[in-house]
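Enquirer: If you scroll down you'll find the structure; I have some questions about it.
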Amino acid sequence: MRKLIFISMFVLMSVLLAACGSAAPTETASAQQVNIKVETNPSPAIMGDTELVLIITDANGSPIEGATVDVSVDHTDMSGMGMSGVAVEQGGGRYAIRANFSMSGNWKLTVYVRKDGLDYKEDIDLSVQ
Ligand SMILES: [Cu+2]
664 MRKLIFISMF
674 VLMSVLLAAC
684 GSAAPTETAS
694 AQQVNIKVET
704 NPSPAIMGDT
714 ELVLIITDAN
724 GSPIEGATVD
734 VSVDHTDMSG
744 MGMSGVAVEQ
754 GGGRYAIRAN
764 FSMSGNWKLT
774 VYVRKDGLDY
784 KEDIDLSVQ
């Protein structure tokens, strides 16, 4: 019986993955010239629909505007539960994207910030209630 539950969960995850898809950009680390602060709505993040707002500033604390911000989200405790998308710029260095967390627990955001010659990547831990 336990095996059956495990199999159906695996099938469910496969469906989710296929639905979301994910293109993993190549990793490029640069000096700490980018700071990313994460706000969630609601806060703390909960299972289901949650808006993630990334506040992105440079080394001087000035907002980085006009960047392309890709976000991928993974459930740290399990492989293969991921989603990704492009955050929408709201002005003032704020970029927002909606996520749907199918499970509570520890998740990891990977944020890619690209603008002109800038190509920055940062992993951010997020706890979902
Ligand atoms: Cu999971």
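For the sequence shown, position 56 matches number 719 in the working numbering, and the numbering has no gaps at all. In this text, a Cβ means the ideal position worked out from N, Cα and C, and glycines have one as well.
Write down the C-beta distance between V734 and G745 rounded to the nearest angstrom, noting that I regard them as a contact closer than 8 Å.
Expert: Stepping through the sequence shown from its first residue, residue 734 is reached at position 71. Stepping through the sequence shown from its first residue, residue 745 is reached at position 82. The pair is not a contact, with the Cβ atoms about 11 Å apart (cut-off 8 Å).
Enquirer: Kindly indicate which three-state DSSP category E728 falls into: helix, strand or coil?
Expert: For this step, residue 728 is matched to residue 65 along the sequence shown. Three-state result, E728: coil.
Enquirer: Contact check, D740 vs G768 under 8 Å by CB: the rounded distance?
Expert: Your numbering for residue 740 matches position 77 in the sequence shown. Your numbering for residue 768 matches position 105 in the sequence shown. That pair is a contact at about 5 Å.
Enquirer: Using only alpha-carbon positions, find the residue among Q792, R777, D786 and V791 that is nearest to V732.
Expert: Looking up residue 732 in the sequence shown gives position 69. Comparing Cα positions, the closest option is R777.
Enquirer: How is G748 classed by DSSP in three states: helix, strand or coil?
Expert: Along the sequence shown, read from residue 1 onward, the residue named residue 748 stands at position 85. Secondary structure at G748: strand, using DSSP grouped into helix, strand and coil.
Enquirer: Would you identify the three-state DSSP class for N769, choosing helix, strand or coil?
Expert: Within the sequence shown, numbered from 1, the residue matching residue 769 stands at position 106. Three-state result, N769: strand.
Enquirer: Taking 7 Å as the cut-off, is the C-beta of M710 nearer than that to any heavy atom in ligand 1?
Expert: Within the sequence shown, residue 710 is the residue found at index 47, counting from 1. Result no, Cβ not under 7 Å from ligand 1.
Enquirer: What residue does the beta strand (DSSP E) around A762 start on, and which one ends it?
Expert: For the purposes of this step, residue 762 is taken as the residue at position 99 of the sequence shown. Here the beta strand (DSSP E) through A762 covers R757 to F764.
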